[in-house]
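S.K.: Quick note, my numbering runs 19 ahead of the 1-based positions in the sequence shown. Yeah, the Cβ is synthetic: ideal placement off N, Cα and C, and Gly gets one too. Dumping the structure here so I can ask a few things about it.
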Amino acid sequence: MHVKNQIIRPLKKEDQALLLKWLTTEEVLKYYEGRDRQFTATLIEEKFYNDAEKDCWIGETDGVPIAYLQSYQLTVEDKRTFGYSACQSVYGMDLFIGEVTYWNKGFGSAFITLLIQLIQEKDETAIVTVDPRIENIRAIACYKKCDFSIVKKVEKREWHEGSYHDVYIMATNKLIDY
């Protein structure tokens, strides 16, 4: 999938070292997984390559890999937590820009748009959700820029750096023209 000079492509085995680099960067871990999380090559393999329930992607700009993205269908339990019925088609997505020098330059919203397009190519009726921690103001602004709106607040949902944090459930079902 391609927009301007940004693409997302499936995660490859060769990306393992890149993920390890990103997930040992303090600035990235502050927002994704936590600075108290110690990533190793083995943990990268387990978490990112051995989960058939999610689709994993690398975001590139001008051929340079700068981001990780994933999408997955929500479980029935998560659908209920988020306020949806079991029969609705609801996906979750997560991402981080691993190359810190690319932060705050619009790449996150470009990659989000691409991932929503991929999900909607599979399922036009899909609702796409994210669950940023409420203190992650930059991520929330990025999702709002991509037509996500806050659906609800869920208390103590995400374990991050030694404690549970509240999150906003944000969703969009806006069809993207492609």
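#1: If you count every other CB in all the chains shown that lies within 10 Å of the CB of Ile-156, and 16 or more means buried, which is it?
#2: Whose CA, out of Trp-178, Pro-29 and Lys-171, lies closest to the CA of Phe-101?
#3: If we call anything under 8 Å between Cβ atoms a contact, is Val-47 one with Phe-115?
#4: Between which two residues does the alpha helix (DSSP H) containing Lys-141 stretch?
#5: At what residues does the beta strand (DSSP E) containing Gln-25 begin and finish?
#6: Quick check: what's the CA-CA separation for Tyr-110 versus Thr-44?
#7: Report the three-state DSSP secondary structure of Gln-57 (helix, strand or coil).
#8: Below 8 Å CB to CB, which residues in the same chain sit around Ser-108 once its five sequence neighbours on both sides are set aside?
#9: Please name the residue in Tyr-103, Ala-60 and Leu-30 whose C-alpha comes closest to that of Lys-73.
#10: Rounding to the nearest angstrom, what Cα-Cα distance links Ile-195 and Ile-85 in this structure?
#11: Taking the beta strand (DSSP E) that Thr-80 belongs to, which residues open and close that run?
#12: Along the chain, where does the alpha helix (DSSP H) that runs through Glu-45 open and close?
#13: Quick check on Gln-35: does DSSP put it in helix, strand or coil?
#14: Would Asp-80 and Asn-123 be called neighbours here (beta carbons separated by less than 8 Å)?
#15: Express the C-alpha separation of Gly-117 and Trp-41 in angstroms, rounding to a whole number.
M.R.: This is what the structure gives:
#1: exposed
#2: Lys-171
#3: yes
#4: 126-141
#5: 25-29
#6: 28 Å
#7: coil
#8: Gln-92, Asp-142, Thr-144, Ala-145 and Ile-146
#9: Leu-30
#10: The pLDDT assigned to Ile-195 is 49, lower than 50, so where the model puts this residue is not dependable, and the model offers no usable value.
#11: 73-80
#12: 45-48
#13: helix
#14: The amino acid at residue 80 is misidentified as Asp; the sequence shows Thr. Contact flag unset, no.
#15: 5 Å
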